[in-house]
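In full-length UniProt numbering, the protein residues as written are 1 to 454. Cβ atoms here follow ideal geometry from the backbone N, Cα and C, with glycine treated the same way. If you're wondering where the values come from, they're calculated on a predicted model, not measured in any experiment.
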């Protein structure tokens, strides 16, 4: 398994940290939504139909000096942020669905390769490579999930800042409401004083007329502020509705994220279990192969011993054949000598000497006949040993078929092959084991040549 694959597997083992991050993000988003609902309720109950008698131009100038932007700019900025949040959430959800489909395709490919491993030589290696690729894609999935969560946290913080600005606006509206109450109190006092002095003071009546004109202007400004306050209420309601929709979409995405995590963890556990089963099967096949190799070593040692005995017996047969040739030549000489002795019968002394020589030669012939009998016994023994060798060659062919049957499994499990090869050196046959040739060559071809030599 590569380093990146191990890193992906370790990151998968830390899935609880991702769940905790997701839960923290959900908690922050819920707190922001609750704060927005609280602000909306307080705004509805605290703002009346009358506000501080400031002129609209003065109020707009105050907001620009206080916040650096007007209320319309702030509202448009908030809506843009909410739109960006929804688009990013949708794109992240789409990417996660695509990644889940890719993981399904890879899991199907791993299943197909595992089922058809008997037809492929390196199926186990390919399965390991595919598993590493799955782990790498899991790591990529968690990276994307971290980036999506970080984006959601950033957008949640921006939303919290917007809510804080709305809180400050609420406090300003409360201050304006207090000033409006003070103005109402002053207006009531002035109205009572004007009613008491209306009968006697003409100058006071004039002042009252001026005061009434001032109050009329204040009433107009109050009406304008009330209209603006109703517009603020409507915009706050729209913003609250959009935030509720975003909260629902975020909850749905979190649910889909958790479902994808559970599915991916289940699939990875199944793949790890299949890998363990393949490893156990490989260990069993390796042990069986080691036992077969040991039996083949024993058979090769027995064949070496039989071959040495056979070579020794062949040497003895050659020596006996040479002696038999010498005996035949001696017998021929004896026949010639007998013919000559028939011609030279008149010489008794010579005949006696020849008779003595003939007696000695006859004894030697008897000895050689006995040796010839022993040689024939050795030849019978050699013939029986040839039958034994043929039986061993039959056993070796059976072992060859068994090894050919286990060859595919051993190559599939990527075990280092142990191949037996044979080399003929003169009259002796030596067997050796090497790792640099295919199993179908070397040992079996050398076994057939060994049987041919025998």
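Residue i: CB within 7 Å of a non-hydrogen atom of the ligand HEM
i: residue 183; result: By its list of ligands, the structure shown contains no ligand whatsoever, and the ligand HEM lies outside what it can speak to.
Other residues of its chain near residue i: CB distance less than 6 Å, five sequence neighbours each side excluded
i: residue 320; result: 375
i: residue 387; result: none
i: residue 151; result: 88
i: residue 368; result: 327
i: residue 213; result: none
Nonlocal neighbours in the same chain, by C-beta distance under 8 Å from residue i, ignoring five residues either side
i: residue 402; result: 292
i: residue 372; result: 320 and 324
i: residue 317; result: 375, 378, 379 and 382
Cβ neighbours of residue i in the same chain (closer than 7 Å, five flanking residues each side left out)
i: residue 397; result: none
i: residue 215; result: 187
Within 8 Å, do at least three Cβ pairs link the stretch 378-385 to the stretch 312-319? yes
Counting pairs of Cβ atoms below 8 Å between the stretch 244-257 and the stretch 214-228, do you hit three or more? no
So within the stretch 269-313, which uninterrupted beta strand (DSSP E) runs reach at least 3 residues, ignoring any that extend past its ends? none
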